[in-house]
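Trainee:
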Amino acid sequence: MVILEVEHLKKTYTTRLGSNRVEALRDVNFNVEQGEFVAIMGESGSGKTTLLNLLAALDKPTGGQIRLNGKNLGDLKEKEIAAFRRENLGFVFQDFNLLDTFSLKDNIFLPLVLEGKRYREMKQKADPIARKLGISNLLEKYPYGVSGGQKQRVAIAGVMAMHPKCIVLDEPTAMLDPNGRKEVLKAVRELNKKEGVTVILITHYMEEVVFADDVYVMDRGHIVMHGVPKEIFSRVDQLKKYRLDVPQVTLLAYDLKEAGLAIPDGILTIPELVDALSRPEIRVPKGWKLPEHTPKKEKKELPQGKESIKLEHVGYTYNPGSAYEMHALKDVNLEIPQGQFVGIIGHTGSGKSTLIQHFNGLIRPTEGHIYFEGQDIWADKFPLRGLRSQVGLVFQYPEHQLFETDVLTDVCFGPKNQNLPPEECEKRAKEALEHVGLDESYYAKSPFELSGGQKRRVAIAGVLAMNPKVLILDEPTAGLDPMGRDEILDQIASLHETRGITIILVSHSMEDIAKYVERIIVMNHGVKTFDDAPKKVFAHYKELEAIGLAAPQITYIMHALKEKGLDVDTSAINVDEATTSILRALWKKEEDHK
């Protein structure tokens, strides 16, 4: 039975200034069967969120129609929409919307209250969902006392507790740690498979698409690809054309096939790849030779001087002495030298965001001392305002800071506050926008007309334009498409390399951390648990899993191959290292049998 029918759907926006018309959707057609799990992918600005807003009747199409559960949404009267939506469609937004004056439990109960449920009924519906999402111990807290990722789980729980016929999720796991993502996807899949709830998921995490029944790829308002996951992920080159990616295991299989191994197309899981490489007929290509060892590129020598940031016995307690007292940081000791690229990881609520807000004096520690270039930042007469220009912080949701009438003016705001002349402000703003991949066609646009990912880039550019000595990024790529993510992180890595800027990257993407940073700090319940080079930290992948984290997918692949008897390097943490190691191990295996 078809539950959702979309026919010739169009949506055209007029910009705020009325100067342009933007075709966000152009002749979109697709059907969703009841009980299906459908994934929608596409680069930032491809029209995904516009489509979901129309599905939820939060906006009206310019042309075409949508039928949900047999009802044409265009026929609904204004007063009927809310009740119809509650019964038929649960919607989890990219940015969670919680009421700060309600406890987390009451935020979950609110949709059920609107349905007229009694307290006992609400508990029966909500409690199992809260347990599955790992938030049962948080329900008496308020939104301002928990992390962004924990808030997102609460928003998801509120929608799931309604048990609608169809649930739509727009980047629901963007701010969650690996374990949180796993828990959320497991709960959503259970709703789908065990209770027949139709699921429509928008995501940039390719591994979340693997278990979908159907996949649609959007580009510039069109559906450009459609098929089951194996079909879609077999077309690696085409996905890259649309600025998308594939799971690491699929990309590794693709690279091995390109190198000449007889690997099947569209491998989606680690067991599939291990089985393919364990077949006796797998051979390295004829004439393949062991690559010569090439020494690692020497790290660029940085100017000698004071350490960049230093923490001594830092502790921080929220609401001390009250019933809501919470120890967010406990006896943290840390030195970050000038020019280092540092990654900070930790489960949701581990203290990562609290920690980095100490680095530029946004939060004053309850205990201990913080130094910047050898000076105590909380000493009398220390220029805190100047510190915040030198230690730039890009928040978890930086697009909430956008407020000017156009993009260029918004990015000029920081340099202007540094009392720089207008021409220098504009020069810095244009350079910063170029660093995040936005050309001059964006200068005159209103920030509020951009997609979520484009807003994120503008906000990052606003901090870059101040030319900070230290750049701190708290989940800077959440909501960005894979190519957009890589572009921004590549540009940040280039800034680090060419200017010697100290970079501190907070991320829940273990793959990004493995690719870019030279040092990883692991936080767990406010305590620094690991602090070492990436390969050494990810060698403790089982301990990381125990605290709600994970290693890159490559780590698990290499350990699985090792267990199967292939002599691979289990310290490999990216696709290039893994490809070379697997080919080397297969070559050695053949040589040993000669």
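If you use my numbering, the sequence shown corresponds to residues 1 to 594, in order. By construction, the Cβ of each residue, glycine as well, lies at the ideal position given by its N, Cα and C atoms.
In whole angstroms, what separates the C-alpha of residue 4 from that of residue 515?
Mentor: Stepping through the sequence shown from its first residue, residue 4 is reached at position 4. Stepping through the sequence shown from its first residue, residue 515 is reached at position 515. Going by the C-alpha atoms only, they are around 40 Å apart.
Trainee: Expressed to the nearest angstrom, what Euclidean distance is found between the alpha-carbon atoms of residue 448 and residue 429?
Mentor: For the purposes of this step, residue 448 is identified with residue 448 of the sequence shown, where counting begins at 1. For the purposes of this step, residue 429 is identified with residue 429 of the sequence shown, where counting begins at 1. In a straight line, the C-alpha of residue 448 is about 18 Å away from that of residue 429.
Trainee: At the level of alpha carbons, what is the spacing between residue 265 and residue 79?
Mentor: Position 265 of the sequence shown holds residue 265. Position 79 of the sequence shown holds residue 79. Those two C-alpha atoms are separated by around 50 Å.
Trainee: Buried or exposed, going by whether 16 or more other CB atoms sit within 10 Å of the CB of residue 302?
Mentor: As a working mapping, residue 302 is identified with position 302 in the sequence shown. With a pLDDT of 42 at residue 302, under the threshold of 50, the predicted position of this residue should be treated as unreliable, and no value is reported.
Trainee: Go ahead and pull the three-state DSSP assignment for residue 13.
Mentor: Residue 13 sits at position 13 when you count from the first residue of the sequence shown. DSSP places residue 13 in strand when its eight states are reduced to three.
Trainee: Candidates 553, 11, 381 and 140: which alpha carbon is nearest residue 48's?
Mentor: The residue you call residue 48 lines up with position 48 of the sequence shown. Out of 553, 11, 381 and 140, 11 has the C-alpha closest to the C-alpha of residue 48.
Trainee: Among 350, 14 and 106, whose alpha-carbon lies nearest the alpha-carbon of residue 180?
Mentor: The count along the sequence shown starts at 1 and reaches residue 180 at position 180. Comparing Cα positions, the closest option is 350.
Trainee: What do you reckon, are the CB atoms on residue 420 and residue 410 nearer than 8 Å?
Mentor: Start at 1 with the first residue of the sequence shown, and residue 420 comes out as number 420. Start at 1 with the first residue of the sequence shown, and residue 410 comes out as number 410. Cβ atoms of residue 420 and residue 410: not closer than 8 Å.
Trainee: Apart from the five residues on each side of it in sequence, which residues of its chain come closer than 6 Å, Cβ to Cβ, to residue 390?
Mentor: Looking up residue 390 in the sequence shown gives position 390. 468 and 469, listed in sequence order.
Trainee: Which partner residues of residue 39 appear in the DSSP bridge assignment?
Mentor: The count along the sequence shown starts at 1 and reaches residue 39 at position 39. DSSP, once it has assigned bridges, lists 201 and 215 as partnering residue 39.
Trainee: Please check the pair residue 520 and residue 436, which I expect to be a contact at CB under 8 Å, by giving their CB distance rounded to whole angstroms.
Mentor: Position 520 of the sequence shown, counted from the start, is the residue given in the question as residue 520. Position 436 of the sequence shown, counted from the start, is the residue given in the question as residue 436. Contact flag wrong, Cβ pair sits at about 24 Å.
Trainee: How about residue 316 and residue 329: do their beta carbons lie closer than 8 Å?
Mentor: Numbered from 1 along the sequence shown, position 316 holds the residue referred to as residue 316. Numbered from 1 along the sequence shown, position 329 holds the residue referred to as residue 329. Yes, the pair counts as a contact, with Cβ atoms nearer than the cut-off.
Trainee: Spell out a yes or no on whether the stretch 499 to 512 and the stretch 254 to 271 are touching, meaning 3 or more CB-CB pairs, one atom from each, closer than 8 Å.
Mentor: No, the stretch 499 to 512 does not touch the stretch 254 to 271.
Trainee: Take the Cβ of residue 305 as the centre, count every other Cβ of all protein chains shown within 10 Å, and call the residue buried at 16 or more, exposed below.
Mentor: One-based indexing of the sequence shown puts residue 305 at position 305. Residue placement at residue 305 is poorly supported in this model, since its pLDDT is 47, which falls under 50; the coordinates still yield a value, given next. Exposed.
Trainee: The alpha helix (DSSP H) that contains residue 316, what's its start and end?
Mentor: If you number the sequence shown from 1, residue 316 lands on position 316. Premise fails: residue 316 lies in the beta strand (DSSP E), 309 to 318, not in any alpha helix (DSSP H).
Trainee: For residue 227, I'd like the list of residues in its chain whose CB is within less than 8 Å of its CB, leaving aside the five on either flank, ordered along the chain.
Mentor: The residue labelled residue 227 in the question sits at position 227 within the sequence shown. Result list for residue 227: 214 and 215, in chain order.
Trainee: Who are the near neighbours of residue 537 in its chain, counting only those whose CB is closer than 7 Å to its CB and skipping five residues on each side?
Mentor: Position 537 of the sequence shown holds residue 537. Contacts found: 520, 522 and 530.
Trainee: Identify whether residue 437 lies in helix, strand or coil by the three-state DSSP scheme.
Mentor: Stepping through the sequence shown from its first residue, residue 437 is reached at position 437. Of the three classes helix, strand and coil, the one that applies to residue 437 here is coil, per DSSP.
Trainee: Based on the DSSP output, what are the partners of residue 129 in its beta bridges?
Mentor: If you number the sequence shown from 1, residue 129 lands on position 129. For residue 129, which the question treats as bridged, DSSP gives no partner whatsoever.
Trainee: Near residue 207, which residues of its chain fall below 6 Å by C-beta distance, leaving aside the five closest residues on each side in sequence?
Mentor: Residue 207 sits at position 207 when you count from the first residue of the sequence shown. The residues are 247.
Trainee: Run through DSSP, which three-state label would residue 66 get?
Mentor: Along the sequence shown, one-based indexing puts residue 66 at 66. Residue 66: strand per DSSP, three-state reduction.
Trainee: Considering only DSSP beta bridges, list what residue 223 is partnered with.
Mentor: Here the question's residue 223 lines up with position 223 in the sequence shown. In DSSP, residue 223 forms a bridge with 218.
Trainee: Give the secondary structure of residue 375 by DSSP, where H, G and I count as helix, E and B as strand, and everything else as coil.
Mentor: On the sequence shown, position 375 is the one that residue 375 refers to. If DSSP states are grouped into helix, strand and coil, residue 375 belongs with the strands.
Trainee: Quick check: the Cα distance between residue 361 and residue 527, rounded to an integer number of angstroms?
Mentor: Here residue 361 is taken as the residue at index 361 of the sequence shown, counted from 1. Here residue 527 is taken as the residue at index 527 of the sequence shown, counted from 1. Roughly 20 Å separates the two Cα atoms.
Trainee: Please work out which residues of its chain come closer than 8 Å, Cβ to Cβ, to residue 325, disregarding the five sequence neighbours upstream and downstream, and give them in chain order.
Mentor: Locating residue 325 in the sequence shown gives position 325, where the first residue counts as 1. Counting only Cβ-Cβ distances below 8 Å, and skipping sequence neighbours, we find 317, 318 and 319.
Trainee: Are the Cβ atoms of residue 517 and residue 341 separated by less than 8 Å?
Mentor: Walking along the sequence shown from the start, residue 517 turns up at place 517. Walking along the sequence shown from the start, residue 341 turns up at place 341. For residue 517 and residue 341, yes; Cβs fall inside 8 Å.
Trainee: Hey, how far is the Cα of residue 45 from the Cα of residue 454?
Mentor: The count along the sequence shown starts at 1 and reaches residue 45 at position 45. The count along the sequence shown starts at 1 and reaches residue 454 at position 454. Taking the straight line joining both Cα atoms gives about 8 Å.
Trainee: Tell me which residues share the same chain as residue 375 and place their Cβ nearer than 8 Å to its Cβ, disregarding the 5 neighbours each side in the sequence.
Mentor: Along the sequence shown, one-based indexing puts residue 375 at 375. Correct list, in chain order: 382.
Trainee: Can you check which of these residues, 35, 156, 106 and 587, is closest to residue 644 by C-alpha distance?
Mentor: This structure cannot settle anything about residue 644, because the visible part of the chain is limited to 1 through 594.
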